[in-house]
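Here the protein sequences come in this chain order: E and V.
The letter at position 171 of the first sequence is residue 1090 when you use this note's numbering, and the numbering goes up by one with no holes.
The letter at position 1 of the second sequence is residue 920 when you use this note's numbering, and the numbering goes up by one with no holes.
All residues carry an ideal CB built from backbone N, CA and C; glycine is no exception.
Heads up, the thing below is written out as structure tokens.
Number of protein chains: 2
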Amino acid sequence: MIIIKIGGGKNINLDNISQDLATLIKQEEIIVVHGASATRDEIAEKLGVPTKTITSPSGITSVYTDKNAIDVFLMVYCGLINKKIVVNMQKHGVNAVGLSGLDGKLWQAKRKEAVYAVEDNKTKLIRDNFTGRVESINADLIKLLVKNNYVPVICPPAISYENEAVNTDNDFAVAVMAGGLKADKIVSLFEAPGLLKDLNDQKSVISSISKAELENYLKYAKGRMKKKILGAQKALELGVKKIYWGDGRIEHPVLQALDGKGTVIS
Amino acid sequence: MIIIKIGGGKNINLDNISQDLATLIKQEEIIVVHGASATRDEIAEKLGVPTKTITSPSGITSVYTDKNAIDVFLMVYCGLINKKIVVNMQKHGVNAVGLSGLDGKLWQAKRKEAVYAVEDNKTKLIRDNFTGRVESINADLIKLLVKNNYVPVICPPAISYENEAVNTDNDFAVAVMAGGLKADKIVSLFEAPGLLKDLNDQKSVISSISKAELENYLKYAKGRMKKKILGAQKALELGVKKIYWGDGRIEHPVLQALDGKGTVIS
């Protein structure tokens, strides 16, 4: 079983991904997880509730997800982008079924009751932030679909124990899902050819990283890349054999990533 | 098996519906279908692409669904409203799974290639209208979920044979679905106590209509009510035994409708 993670950038080539999945599905069970951050920010802006970020006292920034932001989240992740991916896959003969972490409690998360944020040099407690961490998944529902030849296409939000929709770290959720489903491979596609040694040099792709080395990269990684590395660590911990980071903008993005053209973590 | 149709009005009481379903699910298989027209119009307005209608040469008005309108449709039906219903049902202990007509080709429709519309007394041909009529359903996917104790919560759009998302008449789709699943009852909840003899008198509910009588009501019905009657006719034709129209704003909306408090068609 392979979990394909499609990043939320605007330049990801869906047609190319779907085409690869149509080939791959003949020999592998496939689950897709996707983001939608770029479109989310765009629609939030248009709706007059632009995406805000908060910074924790330790310096980590994250999206501030109040009730308005959750509404935009539902619209863009579960609606616009999830269904565009489903339609694209159907067009390429892949029998996709789109689901969110809410459906059948697919992604069960523990909500962070309150978070500290630093603003204007003052630390304040934020209580209307709907975020959490995925703790378990509904593996039965996914297996039910996969065994009946459907490709689940999954997106956040997750569902809290109090039955609220909560924003969650996608890479971490993918790791928990891979663990629960005993998936041996994760392919993560984004808008770069892999992990770069030098951010300004697209040719500086690091072709392979061992589990032990990941720790070192963590020190230098920033923002989203940091979360990706933490997600990869968690996935390896939970039994995943190989994680492939590859370019979602190129021809045969999935097959090339599996062929080691990006960064392979094992 | 009962199909519950939840109208797209703003005053429908979701908590009350979910509460009834939590009771009903102990003895019946349930499928939910919902609209979202009021919220769709609101968000379309906010996004600067207000909902437009077109009028056919025979005087029937319908929503003009171009590419922009389809995007709003995906956001509001499949995203915002579908997931709010799912979360609400989960809160009441109903294990809901939200799906659109696109997922697993749940609602297969034939797209109307071109429609005639009258504007400023001129008839013109419109080609960028993404609408169609549901011709068949993926009964296997619905049964798979129902047999595993999930409640499918389904919304349009449907998927065309060319793999496009198309807007479709929900009441007609419900009828085709009821036929394909051999459901014997449909409960349709909206913002009225049932079919009214006098639109200005909320107490003038017509309590029962026979199949033969439906034809007469068709002559007087307008707009959406006309589509509801046509949908009911189709459902009876396809083997549905009883159709209950009831008020979605009251306490126990489903149980009261099933108890004959609204309009019963049989």
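1) DSSP on residue 1036 of chain V, reduced to helix/strand/coil?
2) Fully enclosed by the segment 925-1006 of chain V, which beta strand (DSSP E) runs are 3 residues long or longer?
3) So with CB distances below 8 angstroms, who are the chain E contacts of residue 913 of chain V?
4) From residue 1168 of chain V to residue 932 of chain V, what does the alpha carbon distance come to, in whole angstroms?
5) Taking the DSSP output, what are the residues bridged to residue 1165 of chain V?
6) Decide if residue 971 of chain V is buried, meaning its Cβ has at least 16 other Cβ atoms within 10 Å, or exposed.
7) Quick one: any contact between the segment 1090-1100 of chain E and the segment 1140-1160 of chain E, if contact means 3 or more CB pairs under 8 angstroms?
8) By a C-beta neighbour count over all protein chains shown, 10 Å radius and 16 as the cutoff for buried, is residue 958 of chain V buried or exposed?
9) Could you list which residues in chain V have their beta carbon closer than 8 angstroms to that of residue 993 of chain E, in chain order?
10) Does the segment 1013-1027 of chain V come close enough to the segment 1067-1082 of chain V that 3 or more CB-CB pairs lie under 8 angstroms?
11) When the distance is taken between beta carbons, is residue 1058 of chain V closer than 9 angstroms to residue 1027 of chain V?
12) List the residues of chain E whose Cβ lies closer than 8 angstroms to the Cβ of residue 1010 of chain V, in chain order.
13) Using a C-beta to C-beta distance shorter than 8 angstroms, which residues of chain E count as neighbours of residue 1021 of chain V?
14) Taking the CB atoms as reference points, tell me whether residue 927 of chain E and residue 955 of chain E lie closer together than 9 angstroms.
15) Expressed to the nearest angstrom, what Euclidean distance is found between the alpha-carbon atoms of residue 1047 of chain E and residue 1054 of chain E?
16) Counting Cβ pairs, one atom from each stretch, are 3 or more of them under 8 angstroms apart for the segment 1159-1167 of chain V and the segment 1096-1115 of chain V?
17) In the structure shown, what three-state DSSP assignment does residue 1012 of chain E receive?
18) Hey, which unbroken runs of the alpha helix (DSSP H) at 4 residues or more fall wholly within the segment 1016-1077 of chain V?
19) Would you identify the three-state DSSP class for residue 1084 of chain V, choosing helix, strand or coil?
20) Which of the three DSSP states, helix, strand or coil, is assigned to residue 1183 of chain V?
21) Could you give the residue range of the alpha helix (DSSP H) that holds residue 1147 of chain E?
22) Could you tell me which chain V residues have their CB closer than 9 angstroms to the CB of residue 1014 of chain E, listed as they occur along the chain?
23) Contact between the segment 935-954 of chain V and the segment 939-954 of chain E: three or more CB pairs below 8 angstroms?
24) Would you grab the beta carbon distance between residue 1086 of chain V and residue 980 of chain V for me? Rounded to a whole angstrom, and I think it's under 8 angstroms.
25) Can you give me the C-alpha to C-alpha distance between residue 1050 of chain E and residue 987 of chain E, rounded to a whole angstrom?
26) Could you list the residues in the segment 957-970 of chain V with a C-beta less than 7 angstroms from some C-beta on chain E, going in chain order?
27) Which same chain residues, not among the five before or five after residue 1175 of chain V, have their C-beta less than 7 angstroms away from its C-beta?
28) Helix or strand or just coil, what does DSSP make of residue 1137 of chain V?
29) Is DSSP giving residue 1095 of chain V helix, strand or coil here?
30) On the DSSP bridge list, what partners appear for residue 922 of chain V?
31) Answer yes or no: does any C-beta atom of chain V fall closer than 9 angstroms to that of residue 1064 of chain E?
32) Does any residue of chain A have a CB that is nearer than 9 angstroms to the CB of residue 949 of chain E?
In short:
1) Mapped onto the second sequence, residue 1036 of chain V falls at position 117. When secondary structure is reduced to three states using DSSP, residue 1036 of chain V falls in the strand class.
2) The qualifying runs are 949-953, 971-974 and 980-983.
3) Any question about residue 913 of chain V goes unanswered here, given that chain V covers just 920 to 1185.
4) As a working mapping, residue 1168 of chain V is identified with position 249 in the second sequence. As a working mapping, residue 932 of chain V is identified with position 13 in the second sequence. Residue 1168 of chain V and residue 932 of chain V have their C-alpha atoms roughly 5 angstroms apart.
5) Position 246 of the second sequence, counting from 1, holds the residue named residue 1165 of chain V. As DSSP reads the structure, residue 1165 of chain V sits in a beta bridge with V:1108.
6) The residue labelled residue 971 of chain V in the question sits at position 52 within the second sequence. Exposed.
7) Counting Cβ pairs under 8 angstroms, three or more are found: they touch.
8) Indexing the second sequence from 1 puts residue 958 of chain V at position 39. Under this definition residue 958 of chain V is a buried residue.
9) Taking the first residue of the first sequence as position 1, residue 993 of chain E is located at position 74. Neighbours of residue 993 of chain E in chain V, taken as residues at a C-beta separation under 8 angstroms, are given in chain order as 998, 999, 1002 and 1003.
10) At 8 angstroms Cβ cutoff, the stretches touch.
11) Within the second sequence, residue 1027 of chain V is the residue found at index 108, counting from 1. Within the second sequence, residue 1058 of chain V is the residue found at index 139, counting from 1. It is not a contact, given that the beta carbons lie outside the stated cut-off.
12) Counted from its first residue, the second sequence places residue 1010 of chain V at position 91. Result: 1082.
13) As a working note, residue 1021 of chain V is residue 102 in the second sequence. Against chain E, a Cβ distance below 8 angstroms from residue 1021 of chain V picks out 1002, 1005, 1006, 1009 and 1017.
14) Position 8 of the first sequence holds residue 927 of chain E. Position 36 of the first sequence holds residue 955 of chain E. Taking 9 angstroms as the Cβ cut-off, residue 927 of chain E and residue 955 of chain E qualify as a contacting pair.
15) On the first sequence, position 128 is the one that residue 1047 of chain E refers to. On the first sequence, position 135 is the one that residue 1054 of chain E refers to. Each residue's Cα considered, the two are about 21 angstroms apart.
16) Cβ pair count under 8 angstroms is three or more, so yes.
17) As a working mapping, residue 1012 of chain E is identified with position 93 in the first sequence. Residue state, collapsed to three classes: coil.
18) Taking only runs of at least 4 residues, the alpha helix (DSSP H) segments lying wholly in the segment 1016-1077 of chain V are 1058-1066.
19) Looking up residue 1084 of chain V in the second sequence gives position 165. If DSSP states are grouped into helix, strand and coil, residue 1084 of chain V belongs with the strands.
20) Along the second sequence, read from residue 1 onward, the residue named residue 1183 of chain V stands at position 264. In the structure shown, the three-state DSSP call for residue 1183 of chain V is strand.
21) By one-based count along the first sequence, residue 1147 of chain E stands at place 228. Where residue 1147 of chain E is concerned, the enclosing alpha helix (DSSP H) starts and stops at 1142-1156.
22) Translated into positions along the first sequence, residue 1014 of chain E becomes position 95. 1023 and 1024, listed in chain order.
23) They do not touch, by the three-pair rule.
24) If you number the second sequence from 1, residue 1086 of chain V lands on position 167. If you number the second sequence from 1, residue 980 of chain V lands on position 61. Contact doesn't hold; Cβ gap of about 14 angstroms is too wide.
25) In the first sequence, the residue the question calls residue 1050 of chain E occupies position 131. In the first sequence, the residue the question calls residue 987 of chain E occupies position 68. Distance between the alpha carbons of residue 1050 of chain E and residue 987 of chain E is about 13 angstroms.
26) From the segment 957-970 of chain V, only 965 and 966 have a Cβ closer than 7 angstroms to chain E.
27) Your numbering for residue 1175 of chain V matches position 256 in the second sequence. Excluding sequence positions up to five before and after residue 1175 of chain V, its CB lies within less than 7 angstroms of the CB of 1165 and 1169, all in the same chain and listed in chain order.
28) If you number the second sequence from 1, residue 1137 of chain V lands on position 218. Note: residue 1137 of chain V maps to helix in three-state DSSP.
29) Taking the second sequence and counting its residues from 1, the one referred to as residue 1095 of chain V is at position 176. Per DSSP, reduced to three states, the secondary structure at residue 1095 of chain V is helical.
30) Counting from one through the second sequence, the residue named residue 922 of chain V turns up at place 3. Paired residues: V:950 and V:1105.
31) Stepping through the first sequence from its first residue, residue 1064 of chain E is reached at position 145. Yes, its Cβ sits closer than 9 angstroms to a Cβ of chain V.
32) No chain A is present in this structure, whose protein chains are E and V.
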